[in-house]
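One structure is given below, encoded as structure tokens.
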Amino acid sequence: MINTQTERRRRRRRRRLHCAEQSYGDASHREVASSNLCRWAILLCCCFFLAQPGLVSANGFTCRDRSLCRTFSRCSRRDALFRSGHLCHGFPSYIGGPPITRFHWDDETETYESVKTNGTVCVHWTTKEQSPGEIKVGSCQCKEMGHEHCKSWACLQDEADLCGFHSKFDCGSPVILADGTPVTTSCCYTNSDGYLVTTYRDIQKEWTSCTCKKTVQQLSSASASASAGGSSDSQKAMAEFGVSSDFRKAKTNYCVEWHCTERDITSTEEEDYVCKGFQETYCSNWEGSIEGTEEFEVSRCDCNFVGKTEEGLEYCSTWSCYEKGFDYHDPNLAWSAFGIVMASPLFFGSLVLLTHEDRHRAWWLLVTLPAWAGFMFVTTMMGGVGALLITLAFQLGLPVLMCMGSKARPDSVKSTAVTRKY
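Numbering (this note's numbering) for the sequence shown: 3 to 424.
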């Protein structure tokens with residue numbers, strides 16, 4: 003009887019020891035897996051934060067290559083995407099926004115007509131600019147004369163919305179624009195219930211001031227200096243006009259390069275123009291690069307009609323321009339919220355699967371990781387590198403904080419045990 007009870011006690015003791023060893027083994031496995039995961043999380047987090055300053059300083063979350071699309075003739079679709087900020091040189095190649103399947107330019111036609119001349123120099127002319135959504139009319143006057151050219155001039159225009167473009171019609175009180183064009187103060191349309199709806203027509207003033215930067219004589223001097231191996235400024239100046247020597251046929255000192263600042267109550271544009279076609283007494287065609295608040299534009303202008311002075315010298319009496327623009331792109335960092343909400347749970351779930359003692363559940367990684375990668379891809383494409391960095395900072399930072407907390411708890415438990423022992 004005594005031997006039987008003793009044997010039972012031994013069996014229970016061995017069973018307890020086996021359970022304790024198994025529990026200790028499982029705990030050790032979880033601790034090792036958790037420790038390894040913490041090391042990887044801390045390593046990835048360190049690599050991420052070390053690489054982040056380089057990414058941010060190199061791209062600044064925006065990238066607009068203003069060296070491209072400086073002229074109408076040298077502005078391809080790809081150049082426009084780099085200039086607008088959709089594409090970047092180096093990493094990341096794409097800064098965000100939905101993939102561009104439809105490449106759309108905003109266009110505008112402009113016509114100008116000379117009213118008064120001083121020799122071959124136009125000193126007063128009318129302007130008319132029209133785009134699908136608005137019209138601008140006004141006039142320009144030379145403010146300061148130079149030797150055979152106008153040194154500075156200014157323009158004042160009335161800018162008004164076109165009702166027809168918005169499927170509306172003119173209504174309200176009549177208004178006369180600067181050139182005598184009649185418009186109304188409002189635009190109207192009939193809604194689905196058959197009621198007449200009136201909207202205010204946006205009519206505002208627009209001011210433009212221009213300055214001549216280079217004349218024929220200055221261009222000839224720069225050409226001579228560049229040919230003699232002169233300064234880099236002279237060589238750069240000649241590069242703007244190409245390698246053509248057509249300017250040598252010019253017999254008067256007309257302006258060949260000028261800068262304009264155009265502004266209204268909401269925005270400002272900086273415009274640079276360069277002559278591309280040289281005649282004896284006037285520039286026959288020129289191209290421009292326009293830097294706006296919301297978009298960039300390129301312009302191409304041609305002389306349509308030539309007039310003659312009493313001395314028989316020719317001047318451009320009517321010219322027209324075609325202008326096209328493309329909106330700038332800024333990354334939408336709010337897409338990081340999409341990445342945090344949709345991708346982060348999958349990321350944390352993958353970490354849990356990696357530390358789980360049951361290795362048979364690891365196949366779920368084939369589901370969670372591709373889904374996580376898909377959401378991160380959408381976040382990057384729509385929000386750009388900024389949204390990606392914000393999302394990764396959240397996903398990597400939280401596990402590191404949890405690891406630091408888990409390491410702090412065993413230390414506190416050990417210190418408590420030592421205190422109780424003594």
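Virtual Cβ for every residue (Gly too), placed ideally from N, Cα, C. Please read all numbers here as calculations on a predicted model, not as lab measurements.
**Integer-rounded CB distance, given that residue 87 should sit under 8 Å from residue 274** = Translated into the one-based positions of the sequence shown, residue 274 becomes position 272. Translated into the one-based positions of the sequence shown, residue 87 becomes position 85. Not confirmed; about 20 Å, so no contact.
**Asked** Beta-carbon separation of residue 250 and residue 209 under 8 Å?
**Response** By 1-based counting over the sequence shown, the position of residue 250 is 248. By 1-based counting over the sequence shown, the position of residue 209 is 207. No, these two residues do not count as a Cβ contact at 8 Å.
**Item:** Reduced DSSP secondary structure (H/G/I, E/B, other) of residue 55
**Value:** Along the sequence shown, read from residue 1 onward, the residue named residue 55 stands at position 53. With a pLDDT of 42 at residue 55, under the threshold of 50, the modelled position of that residue is not reliable, and the figure given next carries that caveat. Three-state DSSP puts residue 55 in a helix.
**Item:** CB contact flag (residue 142, residue 156, <8 Å)
**Value:** If you number the sequence shown from 1, residue 142 lands on position 140. If you number the sequence shown from 1, residue 156 lands on position 154. At a Cβ-Cβ threshold of 8 Å, residue 142 and residue 156 count as neighbours.
**Message:** Considering just the uninterrupted stretch of the alpha helix (DSSP H) at residue 83, what are its terminal residues?
**Reply:** Within the sequence shown, the letter at position 81 stands for residue 83. Element bounds for residue 83: 79-86.
**Prompt:** Nearest to residue 324 by CA position, among 165, 289 and 84, is which residue?
**Reply:** Within the sequence shown, the letter at position 322 stands for residue 324. For residue 324, the nearest C-alpha among the options comes from 289.
**Where the alpha helix (DSSP H) through residue 339 begins and ends** = By 1-based counting over the sequence shown, the position of residue 339 is 337. Taken as a continuous stretch (DSSP letters only), the alpha helix (DSSP H) holding residue 339 covers 337-340.
**Message:** Please list the terminal residues of the continuous beta strand (DSSP E) segment that includes residue 148.
**Reply:** Taking the sequence shown and counting its residues from 1, the one referred to as residue 148 is at position 146. From DSSP, the beta strand (DSSP E) with residue 148 extends over 136-148.
**Item:** CB contact flag (residue 293, residue 328, <8 Å)
**Value:** Mapped onto the sequence shown, residue 293 falls at position 291. Mapped onto the sequence shown, residue 328 falls at position 326. The Cβ atoms of residue 293 and residue 328 lie no closer than 8 Å to each other.
**Prompt:** Does the Cβ-Cβ distance between residue 255 and residue 149 come in under 8 Å?
**Reply:** The count along the sequence shown starts at 1 and reaches residue 255 at position 253. The count along the sequence shown starts at 1 and reaches residue 149 at position 147. Yes, they are a contact pair.
**Message:** Looking at the strands, I want to know which residues DSSP matches up with residue 126.
**Reply:** Translated into positions along the sequence shown, residue 126 becomes position 124. Residue 126 pairs with 118 and 143.
**Prompt:** Does the beta-carbon of residue 284 have 16 or more other beta-carbons within 10 angstroms, so that it is buried, or is it exposed?
**Reply:** Locating residue 284 in the sequence shown gives position 282, counting from the first residue. The residue in question, residue 284, is buried, as its Cβ has 16 or more Cβ neighbours within 10 Å.
**CB contact flag (residue 340, residue 381, <8 Å)** = As a first step, residue 340 is located in the sequence shown; it is residue number 338 there, counting from the start. As a first step, residue 381 is located in the sequence shown; it is residue number 379 there, counting from the start. A contact, by the Cβ cut-off of 8 Å.
**Request:** Would you mind working out which of 188, 170 and 167 sits nearest residue 176, comparing C-alpha positions?
**Result:** Along the sequence shown, read from residue 1 onward, the residue named residue 176 stands at position 174. When only C-alpha atoms are compared, the closest one is 188.
**Request:** With distances taken Cα to Cα, identify the nearest neighbour of residue 159 among 201, 165, 211 and 174.
**Result:** For the purposes of this step, residue 159 is taken as residue 157 along the sequence shown, with counting starting at 1. When each option's Cα is compared against that of residue 159, the closest is 211.
**Prompt:** With DSSP run on the structure shown, which of helix, strand or coil describes residue 265?
**Reply:** To locate residue 265, count along the sequence shown from 1; it is residue 263. Reduced to three states, the DSSP call for residue 265 is strand.
**Item:** Check whether residue 315 and residue 111 have beta carbons under 8 Å apart
**Value:** Residue 315 sits at position 313 when you count from the first residue of the sequence shown. Residue 111 sits at position 109 when you count from the first residue of the sequence shown. Going by beta carbons, residue 315 and residue 111 fall outside the 8 Å limit.
**Message:** Counting C-beta neighbours from all protein chains within 10 Å, is the total for residue 198 16 or more, i.e. buried, or is it exposed?
**Reply:** On the sequence shown, residue 198 is found 196 positions in, with the first residue counted as 1. So residue 198 ends up on the exposed side.
**Request:** Report the rounded CA-to-CA distance for residue 304 versus residue 130, giving the unit in angstroms.
**Result:** Sequence index remark: in the sequence shown, residue 304 carries index 302 (1-based). Sequence index remark: in the sequence shown, residue 130 carries index 128 (1-based). When rounded, the distance between both Cα atoms is 15 Å.
**Request:** Can you grab the Cα-Cα spacing for the pair residue 307 / residue 95, in whole Å?
**Result:** Reading the sequence shown from its first residue, position 305 is the one you call residue 307. Reading the sequence shown from its first residue, position 93 is the one you call residue 95. Roughly 46 Å between the two C-alpha positions.
**Prompt:** What did DSSP end up calling residue 159 once you bin it into helix, strand or coil?
**Reply:** Counted from its first residue, the sequence shown places residue 159 at position 157. Three-state DSSP puts residue 159 in a strand.
**Message:** Could you tell me the alpha carbon to alpha carbon distance between residue 29 and residue 90, rounded to whole angstroms?
**Reply:** As a first step, residue 29 is located in the sequence shown; it is residue number 27 there, counting from the start. As a first step, residue 90 is located in the sequence shown; it is residue number 88 there, counting from the start. Its pLDDT being 44, under 50, residue 29 is placed unreliably by the model, and nothing is read from it.
**Message:** To the nearest angstrom, how far is the alpha carbon of residue 392 from that of residue 353?
**Reply:** Working through the sequence shown from its first residue, we reach residue 392 at position 390. Working through the sequence shown from its first residue, we reach residue 353 at position 351. Distance between the alpha carbons of residue 392 and residue 353 is about 19 Å.
**Request:** Compare the C-alpha of residue 108 against each of 301, 196 and 282 and name the closest.
**Result:** Residue mapping note: residue 108 aligns to position 106 of the sequence shown, counting from 1. Taking the Cα of residue 108 as reference, the smallest distance to any Cα among 301, 196 and 282 is reached at 301.
**Asked** Can you name, in chain order, every residue of its own chain whose Cβ lies under 7 Å from the Cβ of residue 151, other than the five neighbours on each side?
**Response** By one-based count along the sequence shown, residue 151 stands at place 149. Counting only Cβ-Cβ distances below 7 Å, and skipping sequence neighbours, we find 123, 214, 217, 255, 256 and 257.
**Prompt:** Measuring CA to CA, which of 299, 83, 153 and 397 is closest to residue 270?
**Reply:** Here residue 270 corresponds to residue number 268 of the sequence shown, with the count starting at 1. Of 299, 83, 153 and 397, the residue nearest in Cα terms is 299.
**Message:** What does the alpha-carbon distance come out to for the pair residue 372 and residue 396?
**Reply:** Here residue 372 refers to the residue found at position 370 of the sequence shown. Here residue 396 refers to the residue found at position 394 of the sequence shown. A straight line joining the alpha-carbon of residue 372 with that of residue 396 spans about 19 Å.
**Message:** I'd like the list of long-range same chain contacts for residue 118, defined as Cβ closer than 7 Å, with 5 residues on each side in sequence excluded.
**Reply:** Against the sequence shown, residue 118 aligns to sequence position 116. Cβ neighbours of residue 118 beyond the five flanking positions: 125 and 126.
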